[in-house]
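A quick write-up on the structure given underneath.
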Amino acid sequence: MTDDLISMADFILPKIRDEIDPKNYHIDGTPDGNYAIRILQFYRELARCKWDVSCGSERLKTLYDAMNEHQDMRATELDAAIRVLQQQNRGEDTVE
Numbered sequence: 000m001t002d003d004l005i006s007m008a009d010f011i012l013p014k015i016r017d018e019i020d021p022k023n024y025h026i027d028g029t030p031d032g033n034y035a036i037r038i039l040q041f042y043r044e045l046a047r048c049k050w051d052v053s054c055g056s057e058r059l060k061t062l063y064d065a066m067n068e069h070q071d072m073r074a075t076e077l078d079a080a081i082r083v084l085q086q087q088n089r090g091e092d093t094v095e
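The sequence shown begins at 0 in numbering that gives the first Met the number 0 and counts up by one.
Below you can see the structure in the form of structure tokens.
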């Protein structure tokens, strides 16, 4: 993102994390071969959060649209990694 797109001094980032209950941040740490999958699934669930782009200036909307696009890209990468680990745990070929 270029500096001329938006200046950090121009806005206050909404507190999206306030909508997520920190008490739900527990991941079962049992070393049973699925621990890494549970970590990735947890982060994948967080990737469902999106920034509200219905208010603010066009510059802010552009920024939030980009943030939401990157959130979708993270979700896609996490989905792929989860699939690979699940296939590996089942003894399947992971070449895609």
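Positions of the beta carbon are idealized from the N, C-alpha and C atoms, including for glycine.
Everything numeric in this text was worked out from a predicted model, so none of it was measured.
Could you check whether the Cβ of residue i sits closer than 8 Å to any Cβ belonging to chain B?
| i | result |
| --- | --- |
| Met72 | Judged by its chain identifiers, the structure shown contains no chain B, having just a single protein chain. |
What is the DSSP secondary structure of residue i, counted as helix, strand or coil?
| i | result |
| --- | --- |
| Glu91 | coil |
| Ile81 | helix |
| Tyr24 | coil |
| Asp51 | coil |
| Thr75 | helix |
| Asp31 | coil |
Considering just the uninterrupted stretch of the alpha helix (DSSP H) at residue i, what are its terminal residues?
| i | result |
| --- | --- |
| Arg43 | Tyr34 to Leu45 |
Mind reading off the beta-carbon distance from residue i to residue j? Whole number of angstroms is fine, and I expect it under 8 Å.
| i | j | result |
| --- | --- | --- |
| Leu39 | Ala80 | 6 Å |
| Leu77 | Arg43 | 4 Å |
Find out if the Cβ-Cβ distance for the pair residue i, residue j is shorter than 8 Å.
| i | j | result |
| --- | --- | --- |
| Gln102 | Ala46 | Here the chain has residues from 0 to 95 only, and residue 102 is not among them. |
| Asn23 | Lys49 | no |
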